[in-house]
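Report on the following structure.
Number of protein chains: 2
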Amino acid sequence: MKTDKLERLQAAGWKVGNTEDFLQLSEEEARLVALKLSLIGAVKKSRIKRKLSQIDLAQRMKSSQSRIAKIEAGDPSVSLDLIVRALIASGATTRDIQAAFTTNERAAA
Amino acid sequence: MKTDKLERLQAAGWKVGNTEDFLQLSEEEARLVALKLSLIGAVKKSRIKRKLSQIDLAQRMKSSQSRIAKIEAGDPSVSLDLIVRALIASGATTRDIQAAFTTNERAAA
DNA sequence: TTAGTCTATGTCATAACTGACATAGACTAA
DNA sequence: TTAGTCTATGTCAGTTATGACATAGACTAA
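For the protein sequence lines, the chains are F and W, in the order given.
Take the first sequence: its position 46, counting from 1, is numbered 45 in numbering that gives the first Met the number 0, and each next residue is one higher.
Take the second sequence: its position 109, counting from 1, is numbered 108 in numbering that gives the first Met the number 0, and each next residue is one higher.
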C-alpha cells in the first residue's frame, strides 16, 4: 500500500493493523469499479455516436432494452462481460475500448 | 463486414444473405473471446512475474486455487469480471492491461 | 521411497446474472 | 389531446458463475 494513503487513513482514525487485506481489497475493488464506469461511459458514447437506440443495440447483441438501460445506469446486476459485449456490439473500435482504459488510468492516478 | 472476409466465407460455400446477423454476432463473439484470451495471458504472465502461486493469488482476491487454474485454462465457466479481478489482484498495472488490449488489436487485425 | 509444493479437473450448493415482460416517465409531433 | 419514440425501473424464472472441496498429476528434494 502507498504510504500517503496509509497516513491519511491512520489520520482519519482507522486502525491499520491486520485490516490490510481489507484495505488492499478495497483499492482493487475501486479500480474495478472505476474501470467499469469508464467502459459504461464508452458504451453510451459509442451508442449515441452511431445513432442507435437502446432497442437497436439490444437487438444487435440479442439482449433487451431494459438491460441496456441498466448497463448505462451502472446497475449492480450488470456484469463486465455484458458491458464489453455492449461496447463491441455498439460498434466501438478496439481503440475506443483502449481509450476507456486510458481514462481509467488517469482517474486512478 | 470486411469484403475479404465476406469473399472467403462465400468461397467456402457459406450463404451470406440473411445470415448476416449470425455472422456479425460471430465476429463480435470472436472479438470478445480474443480479448478474454489476451487478458488470461496477462494474468498468468503477471502472476508468474510477481512469483505468486495460484494459491497466493486466490487468497489475494478471496477466490480459490481451482478457480485460478480454471481462469488460466480458459475454462468457459470463467467470467470476464473474474479475469480482470485476477489481473488487478496479481499486481498488473493499468499499462499491463492496456498492453493486453494492444495484443488483442494486433490479433484482430 | 516419502513428503512437500504447485497445478489441473470434476462436482455441487449457493450466489449472481440474464432476458423478458410490464409499466412509467419524458419528450416530440401531429 | 393523442400517438409515437425513447429511456428508466421493478420483478422473476431460468441460466450461469462462484468458492469450496476432493482428488490427481507433475515435479523437486530429502
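Just so you know, even glycine gets a beta-carbon here, dropped at the ideal spot from N, CA and C.
What you are looking at is a predicted structure, and each value in this text was computed from that prediction instead of being measured.
Beta-carbon neighbours of residue i, restricted to chain F and to distances below 9 Å
{"i": "residue 32 of chain W", "result": "The contacting residues do not exist; residue 32 of chain W stays about 11 Å from chain F at best."}
Residue-chain proximity (residue i, chain W), Cβ-Cβ < 7 Å
{"i": "residue 80 of chain F", "result": "yes"}
{"i": "residue 91 of chain F", "result": "no"}
Short CB-CB distance (under 7 Å) between residue i and chain F
{"i": "residue 27 of chain W", "result": "yes"}
Buried/exposed call for residue i, threshold 16 Cβ in 10 Å
{"i": "residue 13 of chain W", "result": "The predicted model places residue 13 of chain W with a pLDDT of 44, which falls under 50 and marks its position as unreliable; any figure quoted below should be read in that light. Counting Cβ neighbours within 10 Å, residue 13 of chain W comes out exposed, since fewer than 16 surround it."}
{"i": "residue 16 of chain F", "result": "In this prediction, residue 16 of chain F scores a pLDDT of 47, lower than 50, which makes its location untrustworthy; no coordinate-derived value is stated."}
{"i": "residue 88 of chain F", "result": "buried"}
{"i": "residue 49 of chain F", "result": "exposed"}
{"i": "residue 83 of chain F", "result": "buried"}
{"i": "residue 54 of chain F", "result": "exposed"}
{"i": "residue 63 of chain W", "result": "exposed"}
Proximal chain F residues relative to residue i, where beta-carbon distance stays under 8 Å
{"i": "residue 83 of chain W", "result": "31, 34, 79"}
{"i": "residue 88 of chain W", "result": "27"}
8 Å Cβ cut-off: residues of chain W touching residue i
{"i": "residue 70 of chain F", "result": "Chain W residues near residue 70 of chain F: none, gap ~14 Å exceeds 8 Å."}
message: Whether or not the region 31–46 of chain W and the region 85–101 of chain W are in contact is what I'm after, with contact meaning three or more pairs of Cβ atoms, one per stretch, closer than 8 Å; do they touch?
response: Here the region 85–101 of chain W makes contact with the region 31–46 of chain W; the two share three or more CB pairs at distances below 8 Å.
- prompt: In chain order, which alpha helix (DSSP H) runs of at least 4 residues are fully inside the region 30–99 of chain W?
  reply: 53–59, 64–72, 79–88
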